[in-house]
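J.:
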Amino acid sequence: MRTDDLGRAFEVPDNQHLSGGDVSAAHAHVLETIASLLSTSLGPNGMDKVIMSSDNEITMTNDGATILNGMEMTKNPISQLVVELSNAQDEEIGDGTTSIVILAAALLAQARTLIQKGIHPIKISEGYELAARMACRRLESISEPADDVRGFMIKAAKTSLGSKIVSKALNKFAEICTEAVLSVCDQERKDMDFDLIKIEKKIGLDLGDTALIKGVVINKEFSHPQMRKEIRDARIAILSCPFEPPKVKTKHNLLISTVEDYRSLERYESRKFVEMIESVKKAGADVVVSQWGFDDEANSLLMDNNLPAIRWVGGSDLEAIALHTNGSIVARFEDLREEDLGRGTVRELSLGTEDEKVIIVTSESKAGTILIRGGHRDGDGGGEAVRQRRAVRRTERAA
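For what it's worth, the UniProt record's numbering labels the leading residue of the sequence shown as 1, then goes sequentially.
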């Protein structure tokens, strides 16, 4: 019988008492079990696993990190370390998430044999570190310079994607990953910003119709169905201010007792809408992108003034558009200037059989979006986007 921090008694069953070699054996058994589960998904002939989450979402994958994250692990510290190990490999390299777990299990099994022979764990650890350094030196000695960097990057992407579902369009996906990395790569600094690469998933067509778009894709449409669907060389006003008459900052009541009062208020609102639109046109804008919504009157005035508009654009999408078009986000209409306008092409597309609308903003900047197409989204739990990210990261490592 034992007591916890509050003095409450609890009993520990005898079969939970482990010490010494029993602890090592138990931990090794956990790792061997996990490695055995993952081993059948390794390699070009590896099998896919079907994972069902607690909310009945089904994921089919042979990716080690995805399998481990989808499993309901126990509180065993070794199982938690295995998940962290696989995730670290995923973040750092982008591939080898299954191999690293199997390798760790093999090293631990060999370490157990050495411990049973009386070798101290510290000596075993030092031996593994020495072996790792020797392996790195050997790899460096047999390495060869890559004259065709782009071709080498494509091969690296193919290695990462070859055992995945996307392998049926392997060449295209490898090209997309390589182009995405090269578009954001700073050759002089040997650095790149992965935040400039977005990945969007849209139901419809086939995986082979996946494309790299040199721009930003947002799940919006033009505010009026009769607005132009494509504006080339557009000057884009990016607004974070509401497209509505100014409101009193303090608590107030507006009393309207006569028809004339109502008409006066209506004229005031119309005048303010006109002033806002004049400010936009004076700056030279062709397209309005607003973080906030606007009512039918403002929408009608925008249509009458030939100003295509997009409303309710999220903050992250607004920042992406500003970054991609070299524009500035403006908080007040009176502050809008020509130099604040972004430059690019804005078009509305209909995707899939459900006629889902998206807005694509393209320009000559480095940012890009990988638009993944497919017959369904839920069956793989968004796995294709995950695999695409990993292939992009692996390609970056090759660069």
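Ideal Cβ placement from N, Cα and C applies to all residues, glycine included.
Just so you know, these numbers come straight off a predicted model, no measurement behind them.
#1: Assess contact between the segment 238–245 and the segment 321–338, defined as three or more Cβ pairs (one per stretch) separated by less than 8 Å. Is contact present?
#2: Does DSSP put residue 327 in a helix, a strand or coil?
#3: I need the DSSP call for residue 247, collapsed to helix, strand or coil.
#4: Residue 121 to residue 111, Cα distance in whole Å?
#5: Could you tell me which residues DSSP pairs with residue 185 in its beta bridges?
#6: When DSSP labels each residue in this structure, what does residue 232 get in the three-state scheme?
#7: By how many angstroms is the C-alpha of residue 264 removed from the C-alpha of residue 360?
#8: Which residue comes first and which comes last in the beta strand (DSSP E) that contains residue 374?
#9: Using the C-alpha atoms, what's the distance from residue 180 back to residue 206?
#10: Just curious, the alpha helix (DSSP H) that residue 337 is in, first and last residue?
#11: Can you give the beta carbon distance from residue 346 to residue 313, rounded, assuming they're within the 8 Å contact cut?
#12: Reducing DSSP to helix, strand and coil, say where residue 210 ends up.
#13: What number of angstroms, rounded off, separates the C-alpha of residue 245 from the C-alpha of residue 276?
#14: With a threshold of 6 Å on Cβ separation, who are the neighbours of residue 362 within its own chain once the five nearest residues in sequence on each side are excluded?
#15: How do the segment 84–98 and the segment 62–73 stand: do at least 3 beta-carbon pairs fall below 8 Å, yes or no?
#16: Quick one: Cα of residue 115 to Cα of residue 82, how far?
#17: Please confirm whether residue 222 and residue 309 have their CB atoms less than 9 Å apart.
#18: Please tell me whether residue 356 and residue 204 are closer than 9 Å, where the distance is taken between their beta carbons.
#19: I'd like the list of long-range same chain contacts for residue 232, defined as Cβ closer than 6 Å, with 5 residues on each side in sequence excluded.
#20: Measuring CB atoms only, is the segment 181–197 touching the segment 273–287, in the sense that at least three cross pairs come out at less than 8 Å?
#21: Residue 313 by DSSP, collapsed to three states: which one?
#22: Which whole runs of the beta strand (DSSP E) in the segment 274–301 are 3 residues long or more, in chain order?
#23: How do the segment 293–302 and the segment 251–265 stand: do at least 3 beta-carbon pairs fall below 8 Å, yes or no?
#24: Would you identify the three-state DSSP class for residue 205, choosing helix, strand or coil?
#25: Under three-state DSSP, which class holds residue 350?
#26: Would you mind working out which of 292, 332, 182 sits nearest residue 318, comparing C-alpha positions?
#27: For residue 362, report the span of its beta strand (DSSP E) as first-last.
#28: Tell me which residue opens and which closes the alpha helix (DSSP H) that residue 159 is part of.
#29: Work out the CA separation of residue 218 and residue 224 for me, nearest whole Å.
#30: Between the C-alpha atoms of residue 262 and residue 243, what's the straight-line distance to the nearest angstrom?
#31: Name the DSSP bridge partner or partners of residue 200?
#32: CA-CA distance, residue 418 and residue 145?
#33: DSSP state of residue 272, grouped into three classes?
#34: So if DSSP puts residue 220 in a beta bridge, which residue, or which two residues, is it bridged to?
#35: Would you please state the rounded distance, in angstroms, between the beta carbons of residue 369 and residue 200? I believe it to be under 8 Å.
T.: According to the structure data:
#1: yes
#2: Looking up residue 327 in the sequence shown gives position 327. Reduced to three states, the DSSP call for residue 327 is coil.
#3: For the purposes of this step, residue 247 is taken as the residue at position 247 of the sequence shown. Coil.
#4: Numbered from 1 along the sequence shown, position 121 holds the residue referred to as residue 121. Numbered from 1 along the sequence shown, position 111 holds the residue referred to as residue 111. Rounded to whole angstroms, residue 121 to residue 111 spans 8 Å at the Cα level.
#5: On the sequence shown, residue 185 is found 185 positions in, with the first residue counted as 1. According to DSSP, which records beta bridges pairwise, residue 185 is partnered with 192.
#6: The residue you call residue 232 lines up with position 232 of the sequence shown. Strand.
#7: Residue mapping note: residue 360 aligns to position 360 of the sequence shown, counting from 1. Residue mapping note: residue 264 aligns to position 264 of the sequence shown, counting from 1. Counting only the Cα atoms, residue 264 lies some 40 Å from residue 360.
#8: Your numbering for residue 374 matches position 374 in the sequence shown. Note, residue 374: beta strand (DSSP E), 368–374.
#9: Counting from one through the sequence shown, the residue named residue 206 turns up at place 206. Counting from one through the sequence shown, the residue named residue 180 turns up at place 180. Approximately 20 Å, taken between the alpha carbons.
#10: If you number the sequence shown from 1, residue 337 lands on position 337. First-last for residue 337: undefined, no H or E at that position.
#11: On the sequence shown, position 346 is the one that residue 346 refers to. On the sequence shown, position 313 is the one that residue 313 refers to. With 8 Å as the limit, residue 346 and residue 313 do not qualify as a contact, their Cβ atoms being about 12 Å apart.
#12: The residue given as residue 210 occupies position 210 in the sequence shown. Three-state result, residue 210: coil.
#13: Numbered from its first residue, the sequence shown carries residue 245 at position 245. Numbered from its first residue, the sequence shown carries residue 276 at position 276. Straight-line Cα distance between these residues: approximately 9 Å.
#14: Stepping through the sequence shown from its first residue, residue 362 is reached at position 362. The residues are 214, 215, 344, 345.
#15: yes
#16: By 1-based counting over the sequence shown, the position of residue 115 is 115. By 1-based counting over the sequence shown, the position of residue 82 is 82. Cα-Cα distance, rounded: 21 Å.
#17: Within the sequence shown, residue 222 is the residue found at index 222, counting from 1. Within the sequence shown, residue 309 is the residue found at index 309, counting from 1. Yes, the Cβ-Cβ distance between residue 222 and residue 309 is below 9 Å.
#18: For the purposes of this step, residue 356 is taken as the residue at position 356 of the sequence shown. For the purposes of this step, residue 204 is taken as the residue at position 204 of the sequence shown. Yes, these two residues count as a Cβ contact at 9 Å.
#19: For the purposes of this step, residue 232 is identified with residue 232 of the sequence shown, where counting begins at 1. Result list for residue 232: 345, in chain order.
#20: no
#21: As a working note, residue 313 is residue 313 in the sequence shown. If DSSP states are grouped into helix, strand and coil, residue 313 belongs with coil.
#22: Counting only runs of 3 or more, we get 287–290.
#23: no
#24: Position 205 of the sequence shown, counting from 1, holds the residue named residue 205. Residue 205 falls in the coil class under three-state DSSP.
#25: Your numbering for residue 350 matches position 350 in the sequence shown. Taken through DSSP and simplified to helix, strand or coil, residue 350 comes out as strand.
#26: Counting from 1 along the sequence shown, the entry for residue 318 is found at position 318. Residue 318 has its Cα closest to that of 292, out of 292, 332, 182.
#27: Here residue 362 is taken as the residue at index 362 of the sequence shown, counted from 1. Run containing residue 362: 356–362, per the beta strand (DSSP E) assignment.
#28: Taking the sequence shown and counting its residues from 1, the one referred to as residue 159 is at position 159. It spans 149–161 - the alpha helix (DSSP H) in which residue 159 sits, taken as one unbroken run.
#29: For the purposes of this step, residue 224 is identified with residue 224 of the sequence shown, where counting begins at 1. For the purposes of this step, residue 218 is identified with residue 218 of the sequence shown, where counting begins at 1. In a straight line, the C-alpha of residue 224 is about 17 Å away from that of residue 218.
#30: Start at 1 with the first residue of the sequence shown, and residue 262 comes out as number 262. Start at 1 with the first residue of the sequence shown, and residue 243 comes out as number 243. Each residue's alpha carbon lies about 21 Å from the other.
#31: Stepping through the sequence shown from its first residue, residue 200 is reached at position 200. The partner list for residue 200 (beta bridge, DSSP) reads 371.
#32: Not covered by the structure: residue 418. The range shown for the chain is 1 to 399.
#33: Here residue 272 refers to the residue found at position 272 of the sequence shown. If DSSP states are grouped into helix, strand and coil, residue 272 belongs with the helices.
#34: Along the sequence shown, one-based indexing puts residue 220 at 220. DSSP, once it has assigned bridges, lists no residue as partnering residue 220.
#35: Position 369 of the sequence shown, counted from the start, is the residue given in the question as residue 369. Position 200 of the sequence shown, counted from the start, is the residue given in the question as residue 200. That pair is a contact at about 6 Å.
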